[in-house]
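Numbering that gives the first Met the number 0 numbers the first residue of the sequence shown as 0 and each following residue consecutively.
What follows is a single structure, written as structure tokens, with notes after it.
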Amino acid sequence: MFNFLFAAVGKLLWWIVRQIGRLIAWLTVQAFLHPRTTITAGTVGGSVAWLGWQLCLTIAAGALTALSTWKAAHPRTFEQGVGTWARAWWHRWWIYRRTWADSFARCDLTVQARDKTFLPKLKTVRSTPYWDHLFVEMQSGQAASDFIQKSDHLRGAFKAERLVIEEVKPRGLDMAFMRRDPLLATVPATPIPASVADIDWRRIPVGIDEFGRPYTVSLLGGCTCAAGTMGAGKAGLEWNIVRAIAPAITAKLVRLVGIDPKLKELSQGRKLFAEGDYVGLDTPDLPEATLALLERLCEEMAEANNFDGSQGERDFTPRPGRPLTLILIDELAPLLKYWPRRLREKIEEKLGLLLTQGRAVGFIVVALIQEPTKDIFSLRDLFARRIALRLPTESHTEAALVEHAVDYGAQCHRISETTPGVLFSLQDGAKSTVRARLGYVRDEDIDEVVAYVENAGKVVELDAWVRDELGGIEITADDLGVSA
Numbered sequence: 000m001f002n003f004l005f006a007a008v009g010k011l012l013w014w015i016v017r018q019i020g021r022l023i024a025w026l027t028v029q030a031f032l033h034p035r036t037t038i039t040a041g042t043v044g045g046s047v048a049w050l051g052w053q054l055c056l057t058i059a060a061g062a063l064t065a066l067s068t069w070k071a072a073h074p075r076t077f078e079q080g081v082g083t084w085a086r087a088w089w090h091r092w093w094i095y096r097r098t099w100a101d102s103f104a105r106c107d108l109t110v111q112a113r114d115k116t117f118l119p120k121l122k123t124v125r126s127t128p129y130w131d132h133l134f135v136e137m138q139s140g141q142a143a144s145d146f147i148q149k150s151d152h153l154r155g156a157f158k159a160e161r162l163v164i165e166e167v168k169p170r171g172l173d174m175a176f177m178r179r180d181p182l183l184a185t186v187p188a189t190p191i192p193a194s195v196a197d198i199d200w201r202r203i204p205v206g207i208d209e210f211g212r213p214y215t216v217s218l219l220g221g222c223t224c225a226a227g228t229m230g231a232g233k234a235g236l237e238w239n240i241v242r243a244i245a246p247a248i249t250a251k252l253v254r255l256v257g258i259d260p261k262l263k264e265l266s267q268g269r270k271l272f273a274e275g276d277y278v279g280l281d282t283p284d285l286p287e288a289t290l291a292l293l294e295r296l297c298e299e300m301a302e303a304n305n306f307d308g309s310q311g312e313r314d315f316t317p318r319p320g321r322p323l324t325l326i327l328i329d330e331l332a333p334l335l336k337y338w339p340r341r342l343r344e345k346i347e348e349k350l351g352l353l354l355t356q357g358r359a360v361g362f363i364v365v366a367l368i369q370e371p372t373k374d375i376f377s378l379r380d381l382f383a384r385r386i387a388l389r390l391p392t393e394s395h396t397e398a399a400l401v402e403h404a405v406d407y408g409a410q411c412h413r414i415s416e417t418t419p420g421v422l423f424s425l426q427d428g429a430k431s432t433v434r435a436r437l438g439y440v441r442d443e444d445i446d447e448v449v450a451y452v453e454n455a456g457k458v459v460e461l462d463a464w465v466r467d468e469l470g471g472i473e474i475t476a477d478d479l480g481v482s483a
């Protein structure tokens with residue numbers, strides 16, 4: 000009996016020793032893998048042992064009071080100095096590390112080799128008030144497409160609102176988990192630049208993307224079309240562009256052409272268009288007038304192409320005497336579907352010529368469409384950049400952007416009616432999407448840009464008269480009390 004008890008006690012003690020050894024080994028490994036946490040825990044433990052818990056508690060209370068005061072007085076510097084680091088540390092341990100193995104196993108994103116299971120490695124976590132950016136190292140045998148296909152599963156596993164995955168280096172992924180939506184707040188209209196020198200023709204700002212960066216479109220890289228249901232905010236595209244290039248309009252580096260089948264959206268800015276370059280409100284026989292305008296534009300484009308060809312010029316840059324012709328079409332559907340067939344076919348032909356040949360000589364189309372179905376939006380593939388705002392179904396999204404756009408992340412059918420201007424567009428050369436929000440352009444903002452162009456034009460005319468008549472004395476916009 001005693002021999003049995005001694006044997007049992009011996010085995011129990013040996014088991015306890017082994018478990019303690021394993022615990023020490025595990026703690027040692029964790030200490031080397033996570034030095035910041037180890038140093039923090041060691042500092043706290045050493046302070047309590049050396050100073051006593053009462054003094055440590057007093058110091059902690061004082062530090063907490065100081066941090067709270069700092070956050071209340073200067074929230075921006077607090078966020079930069081403390082908030083970002085503390086949030087990243089907490090999210091790394093509580094949200095990600097704690098459930099990492101289980102989440103990736105359930106999402107079928109592990110690798111089995113030599114009877115072992117290998118997980119993607121979490122290397123770093125960087126946190127902002129809206130996003131957690133995880134740098135993840137894939138295992139051999141995994142591809143970025145595996146993670147992109149499972150992105151919706153991973154988003155749910157880590158309880159995020161959205162997940163954006165980008166391969167930033169071989170076997171290295173940036174996995175961005177959205178914790179709060181940064182696009183819920185209304186984005187103000189694009190400010191009018193101070194001068195033409197401030198305009199980047201390839202990066203015209205029209206809003207912000209979900210990472211807080213300017214969302215831009217190019218006026219030299221091809222034509223753009225935005226699709227969205229009524230009230231989706233798609234008109235913000237054309238008016239933000241107009242505001243962003245207002246100094247170039249006054250400098251005669253941009254010529255605006257307006258086609259306004261709905262007789263409303265562009266009518267408020269009719270003074271921005273030269274005589275004969277606007278069809279819409281008060282235009283008799285609008286379909287015929289639209290066709291005549293497009294035919295004239297195609298003739299001008301052909302002349303410009305012939306001239307540039309004779310000069311050996313390939314790339315277009317706006318300059319005096321050769322302005323960028325920006326053609327704004329507020330609604331494509333009447334031109335392509337609802338007007339008389341004999342006119343629609345000719346209009347579609349002329350639009351096709353402008354979309355395929357116009358970029359090289361500075362004839363750029365920016366169009367809007369409310370119903371981007373395949374039978375209506377027949378010219379979709381001729382637009383170099385396509386933007387989709389709120390749409391009723393997944394099929395509308397794919398008709399507006401590209402096939403499988405929903406699989407790439409364009410969830411236009413899920414955009415709320417309370418967030419007009421929110422959009423999805425495809426990244427250049429990538430099967431992933433950009434989410435952004437257009438600036439909200441009020442009637443007052445349209446009136447402002449119209450007044451800006453009108454006043455600047457008056458200053459230029461008066462200044463030219465003064466120089467001709469009064470011997471070269473110049474008058475500036477400041478002298479007249481207007482902004483230039």
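Here a beta-carbon is modelled for each residue, glycine too, at the ideal position from N, C-alpha and C.
Assuming L323 and L252 are in contact, meaning their beta carbons sit under 8 Å apart, how far apart are those beta carbons, in whole angstroms?
7 Å
The stretch 345-361 touching the stretch 384-404, judged by at least three CB pairs closer than 8 Å:
no
May I have the straight-line CA-CA distance separating A71 from E78, to the nearest angstrom?
11 Å
Helix, strand or coil, according to DSSP, for I414 in the structure here?
Assigned with DSSP and collapsed to three states, I414 falls in coil, not helix or strand.
Reducing DSSP to helix, strand and coil, say where V405 ends up.
coil
Between A366 and W130, what straight-line distance do the alpha-carbon atoms span, to the nearest angstrom?
C-alpha separation (whole angstroms): 33 Å.
Contained beta strand (DSSP E) runs [length at least 3] in the stretch 111-180, N- to C-terminal order:
115-117, 120-126, 130-136, 161-168, 171-177
Does the count of Cβ pairs from the stretch 221-234 and the stretch 180-190 closer than 8 Å reach three?
no
Threshold first: 3 residues or longer. Then list the beta strand (DSSP E) segments lying entirely within the stretch 307-335, N to C.
Taken in chain order, the complete beta strand (DSSP E) segments of 3 residues or longer contained in the stretch 307-335 are 323-328.
So, for V205: in the same chain, excluding its five sequence neighbours on each side, which residues have a beta-carbon less than 8 Å away from its beta-carbon?
Counting only residues of its own chain and dropping the five nearest sequence neighbours on each side, V205 has a CB closer than 8 Å to the CB of T189, Y214, T215, V216, G235, L236, N239, I240, A243, L437, G438.
Three-state secondary structure (DSSP) of I445
helix
With a 10 Å radius around its C-beta and 16 neighbouring C-beta atoms as the bar for buried, classify Y407 as buried or exposed.
buried
Cβ neighbours of G480 in the same chain (closer than 8 Å, five flanking residues each side left out):
Note that G480 scores a pLDDT of 49, beneath 50, so its modelled location is shaky; the value from the coordinates is reported in the next line. Counting only Cβ-Cβ distances below 8 Å, and skipping sequence neighbours, we find nothing.
Considering only their Cβ atoms, is the gap separating L335 from I375 smaller than 7 Å?
yes
What residues match up with V421 in a beta bridge as DSSP calls it?
R436
Within 7 Å of any Cβ in chain C, is that where the Cβ of R340 sits?
Here there is only one protein chain, and chain C is not present.
If you count every other CB in all the chains shown that lies within 10 Å of the CB of F496, and 16 or more means buried, which is it?
As displayed, the chain neither begins before 0 nor continues past 483, which places residue 496 out of reach and without an answer.
Rounded to the nearest angstrom, what separates A435 and I207 at their Cα positions?
6 Å
CA-to-CA distance, A359 to G257, given in whole angstroms:
20 Å
Taking the alpha carbon of E160 as the point to measure from, which residue in R178, T37, S144 has its own alpha carbon closest?
R178
Opposing strand residues paired with G361 [DSSP bridges]:
None; G361 has no bridge partner.
Sort P317, L331, A100 by Cα distance to L325 and report the nearest one.
Just measuring C-alpha positions, the residue of P317, L331, A100 sitting nearest L325 is P317.
State buried or exposed for Y451, treating a residue as buried only when at least 16 other CB atoms are found within 10 Å of its CB.
buried
Is V124 closer than 7 Å to F117 when the C-beta atoms are compared?
no
Cβ-based burial, G361 [other Cβ within 10 Å; buried from 16]:
By the Cβ neighbour-count rule, G361 is buried, with 16 or more other Cβ atoms within 10 Å of its own.
Check for me: the alpha helix (DSSP H) holding P74 runs from which residue to which?
74-77
Can you look up P246 in the DSSP assignment and give me helix, strand or coil?
helix
For D101, which beta-bridge partners are listed by DSSP?
Per DSSP, none; premise fails for D101.
Would you give the residue range spanned by the beta strand (DSSP E) that A226 belongs to?
223-226
T185 by DSSP, collapsed to three states: which one?
coil
Would A142 and I386 be called neighbours here (beta carbons separated by less than 7 Å)?
Here A142 is not near I386, since their CB atoms are 7 Å or more apart.
Since I believe K270 is in contact with V489 (beta carbons under 8 Å), could you give me their beta-carbon distance rounded to a whole number of angstroms?
Beyond the ends of the chain as shown, which are 0 and 483, falls residue 489; an answer cannot be given.
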